[in-house]
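S.K.: Top line first, the protein sequences correspond to chains A and B. Mapping to our numbering: the first sequence position 39 is 23, numbers consecutive. Mapping to our numbering: the second sequence position 107 is 124, numbers consecutive.
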Amino acid sequence: MKIQILGTGCPKCKKLAEAAETAAKAAGVEYTIEKVTDINEIMTFGVMMTPALVIDGEVKTVGKVPSPDEIGKMMK
Amino acid sequence: MSTNCKCACGEAPKLIFACSGAADVGAVADQAARKMTMDGAGKMFCLAGIGGRVSGIMATTAAADAILAIDGCPLNCVKNSLEQAGFAEFNHLQLAELGMEKGKTAVSQDTIAAVAAKGAEMLGGGACGAG
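Below, the structure is given as structure tokens:
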């Protein structure tokens, strides 16, 4: 599973990355996590607000930090 | 909402979708949306991304502070597109409400400004988002 965190590096982006890692570990899936910090690259996802969570190329959330439980459901 | 736009974090944008249709009123709707973006009333966003269910555009739209749909004619393509994509809460401006009739409307600075002014009034206040 490929997880991408879209954000310029603010505390919310870091919290989202932590929550996504927690969720992935709890789900027991193999994953990679990438932080996309370049605003131009972020815009290519059609995202205008950060932080955003992308799982396997699909933008799941924008502008919020879901809980690990919520992220876990998105991974199924 | 914060007015500091240095970070895209937490700044829910006001999004504008225009029909951008082939007729004169479609051109006015499109250019009014672009003018509103330049004026800072909101940010024009891609209606085609709604039609194509592009995940980033769908998620950003769902997180928007407010949405304005500008339809050039009574076919209401923007309104229908948003509704079919599951968006129920948005402001809707149809150019016929401003007396602009399909096939009989000049694509001019005056008509564009009139639509942009009405749209800005409907969205209310300033706007800020990423980019």
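We put the CB at the ideal spot given by N, CA and C, even for glycine.
Could you round the C-beta distance between residue 95/B and residue 86/B to whole angstroms and report it? I think they count as a contact, below 8 Å.
M.R.: Contact holds; Cβ gap of about 4 Å.
S.K.: So residue 30/A contacts chain E; which residues on that side make the cut at Cβ distance below 9 Å?
M.R.: No chain E appears in this structure, whose protein chains are A and B.
S.K.: In chain order, what are the residue ranges of uninterrupted alpha helix (DSSP H) at least 4 long that sit wholly in the region -10 to 60 of chain A?
M.R.: Segments of the alpha helix (DSSP H) lying fully in the region -10 to 60 of chain A: -5 to 11, 23 to 27, 52 to 58.
S.K.: Bridge partners of residue 61/B, per DSSP?
M.R.: Paired residues: 33/B.
S.K.: For the putative contact between residue 62/B and residue 92/B, defined by C-beta atoms under 8 Å, what is the C-beta separation to the nearest angstrom?
M.R.: Wrong, their Cβ atoms sit about 20 Å apart, outside the cutoff.
S.K.: What span of residues does the beta strand (DSSP E) with residue 88/B cover, start to end?
M.R.: First-last of the beta strand (DSSP E) with residue 88/B: 83 to 88.
S.K.: Against chain A, does residue 83/B count as a neighbour if the rule is that its beta carbon must be under 8 Å from one of theirs?
M.R.: False, the Cβ-Cβ gap to chain A never drops below 8 Å.
S.K.: Is the beta carbon of residue 135/B sitting closer than 8 Å to the one on residue 110/B?
M.R.: Cβ atoms of residue 135/B and residue 110/B: closer than 8 Å.
S.K.: Have a look at residue 118/B and residue 88/B and give me their C-alpha separation to the nearest angstrom.
M.R.: The straight-line gap from Cα to Cα measures roughly 12 Å.
S.K.: By a C-beta neighbour count over all protein chains shown, 10 Å radius and 16 as the cutoff for buried, is residue 122/B buried or exposed?
M.R.: Classification for residue 122/B: buried.
S.K.: Could you give the residue range of the beta strand (DSSP E) that holds residue 108/B?
M.R.: Run containing residue 108/B: 108 to 111, per the beta strand (DSSP E) assignment.
S.K.: Given a cut-off of 8 Å on the beta-carbon distance, is the pair residue -11/A and residue 19/A in contact?
M.R.: Yes. Within cutoff.
S.K.: Less than 8 Å between C-beta atoms, sequence neighbours within five positions excluded: which residues of the same chain meet that for residue 126/B?
M.R.: Within the same chain, residue 126/B has no close Cβ partners at all.
S.K.: Should residue 14/A go down as buried or exposed, given a rule of 16 or more other Cβ atoms within 10 Å for buried?
M.R.: Burial call: exposed.
S.K.: So, for residue 104/A: in the same chain, excluding its five sequence neighbours on each side, which residues have a beta-carbon less than 6 Å away from its beta-carbon?
M.R.: Given that chain A is displayed from residue -15 to residue 60, the structure contains no residue 104/A and the question cannot be resolved.
S.K.: To which residues of the same chain is residue -4/A closer than 7 Å at the C-beta, ignoring the five residues directly before and after it?
M.R.: Excluding residues within five positions, the ones whose Cβ falls inside 7 Å are 35, 49.
S.K.: Would you call residue 44/A buried or exposed, if buried means 16 or more other Cβ atoms sit within 10 Å of its Cβ?
M.R.: With 16 or more Cβ atoms within 10 Å of its Cβ, residue 44/A is classed as buried.
S.K.: Counting C-beta neighbours from all protein chains within 10 Å, is the total for residue 28/B 16 or more, i.e. buried, or is it exposed?
M.R.: Buried is the call here.
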